[in-house]
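Here the structure is laid out as structure tokens; the discussion comes afterwards.
Residue numbers (this note's numbering): 11 to 115.
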């Protein structure tokens, strides 16, 4: 998983420390992995039709890492649950240019 250094904004960080400034990135990487786990669990809940769990997982993932994937999951789960207000909020997050991509968020 590629990380951007929070201290100097160098992208493409794959090591434990930032190549530019030496900032420790291990904990940030753990948070990103945990966010991805919540996203995957939310996607599975969405597939199974458990909308509230999918929405909860999207929120947990988003709280850890503002990824486009988490925003899309939240949008779909809220829409499926019939919560148009939440769906609009999630859509705005996705449209606002959330970091990440379809495969990296």
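Cβ coordinates follow ideal geometry from the N, Cα and C atoms, glycine included.
Where does residue 63 sit, in a helix, a strand or coil, going by DSSP? Numbered from its first residue, the chain shown carries residue 63 at position 53. The answer is helix: DSSP assigns residue 63 an H, G or I state.
Which residues bound the alpha helix (DSSP H) around residue 41? Residue mapping note: residue 41 aligns to position 31 of the chain shown, counting from 1. Note, residue 41: alpha helix (DSSP H), 36-58.
If contacts are defined as beta-carbon pairs under 8 Å, then residue 106 and residue 97 qualify, I think. What distance do you get, rounded to the angstrom? What you label residue 106 is simply residue 96 of the chain shown in a count that begins at 1. What you label residue 97 is simply residue 87 of the chain shown in a count that begins at 1. About 15 Å; that fails the 8 Å criterion.
Between the stretch 36-43 and the stretch 53-65, do at least 3 Cβ pairs fall closer than 8 Å? no
Look at the alpha carbon of residue 70 and the alpha carbon of residue 64, and state the distance between them as a whole number of angstroms. Along the chain shown, read from residue 1 onward, the residue named residue 70 stands at position 60. Along the chain shown, read from residue 1 onward, the residue named residue 64 stands at position 54. If you take the alpha carbons of residue 70 and residue 64, they lie about 10 Å apart.
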